[in-house]
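A.B. asks:
Protein chains: 2
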Amino acid sequence: MASAKTVYIGVIGAGGVGKAFLSQLAALSTRRPSPKLVLCYISTSKKSLYHADYTPLNISSAIDDLASNSVGAPPQLPKIVEYLSSVPAGSKAVVVDNTSAQDVADAYPLFLRAGISIVTPNKKAFSGSYALWQDIFTSAATSGAKVYHESSCGAGLPVISTLNDLVDTGDQVTRIEGVFSGTMSFLFNSFAPTQGAGGKWSAEVKKAKELGYTEPDPRDDLNGLDVARKLTILARLAGLPVESPTSFPVQSLIPAELESVSSGDEFLEKLPAFDALMEEVKTSAEKEGKVVRFVGSIDVGAGQVKVGLEKFDQSHPIAALKGSDNIISFYTKRYGSNPLIIQGAGAGADVTAMGVTSDLIKVLAQI
Amino acid sequence: MASAKTVYIGVIGAGGVGKAFLSQLAALSTRRPSPKLVLCYISTSKKSLYHADYTPLNISSAIDDLASNSVGAPPQLPKIVEYLSSVPAGSKAVVVDNTSAQDVADAYPLFLRAGISIVTPNKKAFSGSYALWQDIFTSAATSGAKVYHESSCGAGLPVISTLNDLVDTGDQVTRIEGVFSGTMSFLFNSFAPTQGAGGKWSAEVKKAKELGYTEPDPRDDLNGLDVARKLTILARLAGLPVESPTSFPVQSLIPAELESVSSGDEFLEKLPAFDALMEEVKTSAEKEGKVVRFVGSIDVGAGQVKVGLEKFDQSHPIAALKGSDNIISFYTKRYGSNPLIIQGAGAGADVTAMGVTSDLIKVLAQI
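Respectively, the protein sequence lines represent chains A and B.
Each step along the first sequence adds one to the number in the numbering used here, with nothing skipped, and position 167 is 1434.
Each step along the second sequence adds one to the number in the numbering used here, with nothing skipped, and position 50 is 1317.
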């Protein structure tokens, strides 16, 4: 096989996941001499660092170098495509998008058509419009460039790869169900534990924010959109042409009165007045011997996707979840009544970067 | 990339897994036009079917054709290597070993050195001597041929691929623990359920045999060797140079007095006399509020592997397992105190073949 001897890597995004990825990339390039991995581009939304002649950047110090030696604002996305598609003859290019930016996601078809493979945890490309989804996979199929996005659902947990394997080998996925948000997992495991009483809803949200488990404004977790995006991706991989993450029922846990308060802090301040609502949900489940959880589910046969609160028996694996773990159950024809289950941390910089790095390794084996 | 346009596939073994694999291969070759998949060889231990000029066999009828049009006893393994390594120029060859034969496993280095990739659920190659393990992976690295064996542990569950991803991305796997045998899972979930009393040990073994969950002689499950082989494979992938599946403590559930009785039937007949032993184990666990399960564990730091009975809290995921499911927990540095867990059916022809087919798809993408 005429594998590329050198692979040029461009990294967009240098936040928590970007840093963890670069650390894993530095170790990978030391452990595996072939193909030779060259970091040639790195940028944030405000800065960029690269050389017109593809002189390798130092992977270990790239983020510090970006801070001190940046060449200035990043080029427009088509210029980055042009740069990465002009790497020296006989070599290949991969772009690693560690952002959650829609504009970068929108440019994926450009990268792919130019023969540049993509690995990313960015959910936006795969949960945006169905037209973008089709454009991405058609562009990849045409050029032969690869696109991998394991960490777009469940971080480094083997969720996307397992679903792809089930579908690719001809199994019929009938239902996918699970807890897809580390934040929601933590909140409900604390608010409505299988053992003990649990705290008040507003107090648990406040605690989750203090522990860094929520977005800066907790409403960005409580609106359910993050879970809806992940469900959109899985449903599409299972064969449902879901139009967008807002084209199916998604239950928001933000009281209507607090939708438009101006800040996350104001939201947290006013949330206790609505504790009775969530307490009622919890008590109603308890009366049936159950606990309430925030889940997503896909009924493939019926073509239905939904996100929201559901009740589970105390012995159900979803009820027994711990900490901020995710759990994803795949019900399929081959697996019968007992689903294939994947469980574990579904958020965090290191495990998210792990999904990106293992995707990169799979791409390197194919280009 | 100069991918092979045609891939010639030789299948060794046409039992339950072989049949299920061929059915999945037929569907795959219809769904994916590229690369062109040609079944050119199929054999059991007694018969074989192939054409010297590589005329394609009919995938859908191959097993029937083997029964009626067989060219006779299969060639010696070096002859099969020679045949598959002489496929038309520009094409590639993959051998699919659906047997559990040691002699086929011993020939893997020959296949790999000849550039023939291997996909297999056969545990023997990877759990035999450490010298064979090294020979296999050195041969593959030298020739560039691929070797994939997802179904050698947990059937189609993503166990091997997940462990490889953890290791390849630089995570430190500290501990692996789980229920690795569908038979043992079924036996203990019935014998010592978390709810209800459970049956007598000998009755549960008899029932498991009647349901087809055991080997023809149940002692081949109860001796623990099947679990020990899987642990050997995982331990080696995690970096421990385990010499063989008998080089660490493995608890056999066969009473010493019944080790040498002449048949499985005689064993089952005499087993009730030893029920008190297992009842004592069960009662002792119950006194601690626990249940007993047959598990395997690998402590990577201490270099320790062991297989046998252990007690678990009723709320532990291992205790809560259902039916004949497997569960495998990976404790790693990145995942912290909550492990990455994979759970589901770990045996059965269809899900075993699924692991083989998805391995084949990965190989096809790389050769």
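Yeah, the Cβ is synthetic: ideal placement off N, Cα and C, and Gly gets one too.
Since the model is a prediction, treat every value here as computed from it, not as a measurement.
From which residue to which residue does the alpha helix (DSSP H) around Q1291(B) run?
C.D. replies: Counting along the chain, the alpha helix (DSSP H) containing Q1291(B) begins and ends at 1283-1298.
A.B. asks: Report the residues of the stretch 1423-1445 of chain B with a CB closer than 9 Å to any CB of chain A, ordered along the chain.
C.D. replies: Answer in chain order: G1423, L1424, P1425, S1428, T1429, N1431, D1432, L1433, D1435, T1436, G1437, D1438.
A.B. asks: Quick one: is E1471(B) buried, meaning 16 or more other Cβ sit within 10 Å of its Cβ, or exposed?
C.D. replies: With 16 or more other Cβ atoms within 10 Å, it is buried.
A.B. asks: Determine, for I1628(B), whether the minimum Cβ-Cβ distance to residues of chain A falls below 8 Å.
C.D. replies: Closer than 8 Å to some Cβ of chain A, the Cβ of I1628(B) qualifies, so yes.
A.B. asks: DSSP state of S1384(B), grouped into three classes?
C.D. replies: Strand.
A.B. asks: Does DSSP classify I1634(B) as helix, strand or coil?
C.D. replies: Looking at I1634(B) - three-state DSSP - the assignment turns out to be coil, as it is neither helix nor strand.
A.B. asks: For Y1308(A), which residues in the same chain have their Cβ closer than 6 Å to its Cβ, ignoring the five residues on either side in sequence?
C.D. replies: Hits under 6 Å: G1277, Y1317.
A.B. asks: Is D1364(B) helix, strand or coil by DSSP?
C.D. replies: Here D1364(B) sits in strand by DSSP.
A.B. asks: Answer with yes or no whether the minimum CB distance from V1363(A) to chain C is below 8 Å.
C.D. replies: In summary, chain C is missing from the structure at hand, where the protein chains are A and B.
A.B. asks: Distance cutoff 8 Å, beta carbons only. Does S1396(A) sit that close to anything in chain B?
C.D. replies: With 8 Å as the cut-off, S1396(A) does not count as an interface residue toward chain B.
A.B. asks: Name the chain A residues that come within less than 8 Å of I1608(B), Cβ to Cβ?
C.D. replies: Going along chain A in sequence order, the residues near I1608(B) (Cβ under 8 Å) are I1608, I1609, Q1610, G1611.
A.B. asks: For the alpha helix (DSSP H) holding L1501(A), just list the boundary residues, first then last.
C.D. replies: Segment 1492-1504, the alpha helix (DSSP H) holding L1501(A).
A.B. asks: In angstroms, rounded to a whole number, what distance separates the CA positions of E1546(A) and V1284(A)?
C.D. replies: Roughly 36 Å between the two C-alpha positions.
A.B. asks: Who are N1593(A)'s beta bridge partners in DSSP?
C.D. replies: Answer is G1611(A), bridged to N1593(A).
A.B. asks: Can you tell which of L1351(B), G1622(B), I1427(B), D1617(B) has the C-alpha that lies nearest to the C-alpha of G1282(B)?
C.D. replies: Taking only the C-alpha atoms, the option nearest G1282(B) is D1617(B).
A.B. asks: Since F1561(A) is in the alpha helix (DSSP H), which residue starts that stretch and which ends it?
C.D. replies: Looking at the DSSP string, F1561(A) is not in any alpha helix (DSSP H); the run it does join, the beta strand (DSSP E), is 1557-1566.
A.B. asks: Would you check if there are 3 or more beta carbon pairs closer than 8 Å linking the stretch 1594-1605 of chain B to the stretch 1438-1453 of chain B?
C.D. replies: Counting Cβ pairs under 8 Å, three or more are found: they touch.
A.B. asks: The beta strand (DSSP E) with R1486(B) in it runs from where to where?
C.D. replies: Where R1486(B) is concerned, there is no enclosing beta strand (DSSP E), although the alpha helix (DSSP H) it sits in stretches over 1486-1489.
A.B. asks: So which of E1524(B), L1544(B), R1496(B), I1634(B) has the shortest CA-CA distance to S1514(B)?
C.D. replies: Nearest option by C-alpha distance: R1496(B).
A.B. asks: Just curious, the alpha helix (DSSP H) that D1542(A) is in, first and last residue?
C.D. replies: From DSSP, the alpha helix (DSSP H) with D1542(A) extends over 1542-1554.
A.B. asks: Please list the terminal residues of the continuous beta strand (DSSP E) segment that includes E1577(A).
C.D. replies: 1571-1580 is the extent of the beta strand (DSSP E) around E1577(A).
A.B. asks: Can you find a C-beta in chain B that's less than 8 Å from the C-beta of D1320(A)?
C.D. replies: No, D1320(A) does not count as interfacial toward chain B.
A.B. asks: Determine the contact status of I1500(A) and S1406(A), defining contact as a CB-CB distance below 8 Å.
C.D. replies: Contact: no.
A.B. asks: Just mark T1481(B) as buried or exposed, buried being the case when its beta carbon has 16 or more other beta carbons within 10 Å.
C.D. replies: Under this definition T1481(B) is a buried residue.
A.B. asks: Hey, I1279(A) and V1371(A) are a contact pair by Cβ (cut 8 Å); roughly how many whole angstroms apart?
C.D. replies: So it is a contact: roughly 6 Å between Cβ atoms.
A.B. asks: What do you get for D1580(B), buried or exposed, if any count of 16 or more other CB atoms within 10 angstroms of its CB means buried?
C.D. replies: Under this definition D1580(B) is an exposed residue.
A.B. asks: So, at 6 Å on beta carbons, what are the nonlocal neighbours of V1567(A) in its own chain, with the 5 sequence-adjacent residues on each side left out?
C.D. replies: Cβ within range, chain order: V1440, T1441, A1505.
A.B. asks: Please list the partners that L1344(B) has in chain A, where partner means a Cβ-to-Cβ separation under 9 Å.
C.D. replies: Those within 9 Å of L1344(B) in chain A number zero; the least Cβ separation is about 25 Å.
A.B. asks: Since L1520(A) contacts L1489(A) with CB under 8 Å, what's their CB separation in whole angstroms?
C.D. replies: The Cβ separation is near 4 Å, so the contact holds.
A.B. asks: Quick one: list the residues of chain A neighbouring S1625(B), beta-carbon separation under 7 Å, in chain order.
C.D. replies: Simply D1432, D1435, T1436.
A.B. asks: Is it buried or exposed, R1299(B), if we count other Cβ atoms within 10 angstroms and call 16 or more buried?
C.D. replies: Looking at its Cβ environment, which holds fewer than 16 other Cβ atoms inside 10 Å, R1299(B) is exposed.
A.B. asks: Does the beta-carbon distance from T1550(B) to G1423(B) come in below 8 Å?
C.D. replies: For T1550(B) and G1423(B), no; Cβs fall outside 8 Å.
A.B. asks: With a Cβ-Cβ cutoff of 8 Å, do G1421(B) and F1393(B) count as a contact?
C.D. replies: Cβ distance not < 8 Å, so G1421(B) and F1393(B) don't count as in contact.
A.B. asks: Give the DSSP bridge partners of T1273(A), in chain order.
C.D. replies: Paired residue(s): K1303(A).
A.B. asks: Note down, in chain order, every chain A residue with its Cβ under 7 Å from the Cβ of M1621(B).
C.D. replies: Here the neighbours are T1436, D1438, R1601.
A.B. asks: Could one say the Cβ of G1421(B) lies closer than 8 Å to chain A's Cβ atoms, at least one of them?
C.D. replies: Taking Cβ atoms only, chain A never reaches closer than 8 Å to G1421(B), which makes this a no.
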